[in-house]
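Peer 1: Sharing a structure, written as structure tokens. Questions coming.
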Amino acid sequence: MFRLWKIFSKGLIMENPIFVLALSLCPALAVTTTVVNALTMGLSVMFVLSANNVVVSLTRKLVNHKVRVPIYITSIATIVTLVQLLLQAYAPLLYKDLGIYLSLIVVFAIILARAEVFASKNSVVPSFFDGFGMGCGFTLAMLIIGTIRELVGNGTILGYNILGHAYQPALIMILPPGAFLLIGYLVGASKLFNQYLEKRQKARGEVV
């Protein structure tokens, strides 16, 4: 159980896909103008990551090593299509807001990377927890970015006015340059936090 927790938790902070690995930054810049969009994209990626890791793990002994990448991409594309159809059927407004970025999930580096690095070499349960953990870390990062951008850029959270009508929104925050600057600061903060955690772990090890 501890091993599964370790596999899951590494994607949240120590190997966060956006703040640490700097993978799949395109949606973090493009669709995080609101909390709802950011959360929807994050949950979509989390589902695709988890499901694809399971598929790759199940078929890892059946797939020829030379054609593994096309097989992985086919699997990812199939799962992404399922997500698109579900959103189009049950949340058409969100589907329209996310637009082409839903289709681009197919080529997100983080999904192919986890399939290649972890799922293709491990059994189903650890692979699921790896994909789920990385997906949760991605969703968490998207949610943080979306919350800050919507709050500072519009003065709202989930469409509700939080800062009052007297607040003058910083419009740069709902534009790509604002997202780029914000992500830069968050990456820096994440690095400092990870360094703090590493020093703390080393200190505990020395005490023990």
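For the sequence shown, the working numbering gives the first residue as 235, with consecutive numbering after it.
Beta carbons are placed, not taken as given, at the ideal position from N, Cα and C, and that holds for glycine.
(1) Grouping DSSP H, G and I as helix and E and B as strand, with all else coil, what is residue 306?
(2) Which of the three DSSP states is assigned to residue 401 in this structure?
(3) For residue 250, which residues in the same chain have their Cβ closer than 7 Å to its Cβ, ignoring the five residues on either side in sequence?
(4) Run the CB neighbour count on residue 432, radius 10 Å, all protein chains shown included, and call it buried at 16 or more, exposed below.
(5) For residue 312, does the three-state DSSP call read helix, strand or coil?
(6) Would residue 308 be called buried (16 or more neighbouring beta carbons within 10 Å of its own) or exposed?
(7) Among all the DSSP beta bridges, which residues are the ones paired with residue 419?
(8) Quick check on this structure: which residue in 362, 405, 430 has the alpha carbon closest to the alpha carbon of residue 245?
(9) If contact is defined by three or more beta carbon pairs under 8 Å, each pair taking one atom from either stretch, is the segment 319-326 in contact with the segment 342-352?
(10) Are residue 381 and residue 269 close, meaning C-beta to C-beta below 8 Å?
(11) Please classify residue 269: does DSSP put it in a helix, a strand, or coil?
(12) Could you tell me the alpha carbon to alpha carbon distance between residue 311 and residue 340, rounded to whole angstroms?
(13) Using the rule of at least 16 other Cβ atoms within 10 Å of the residue's Cβ for burial, across every protein chain shown, is residue 274 buried or exposed?
(14) When every heavy atom of the ligand NAD is checked, does at least one fall within less than 7 Å of the C-beta of residue 238?
Peer 2: The relevant details are as follows:
(1) helix
(2) coil
(3) 371, 375, 424
(4) exposed
(5) Residue 312: helix per DSSP, three-state reduction.
(6) exposed
(7) Looking at the DSSP assignment, residue 419 forms no beta bridge with any residue, so it has no partner.
(8) 362
(9) no
(10) yes
(11) helix
(12) 5 Å
(13) With 16 or more Cβ atoms within 10 Å of its Cβ, residue 274 is classed as buried.
(14) Because no ligand of any kind appears in the structure shown, any question about the ligand NAD cannot be addressed here.
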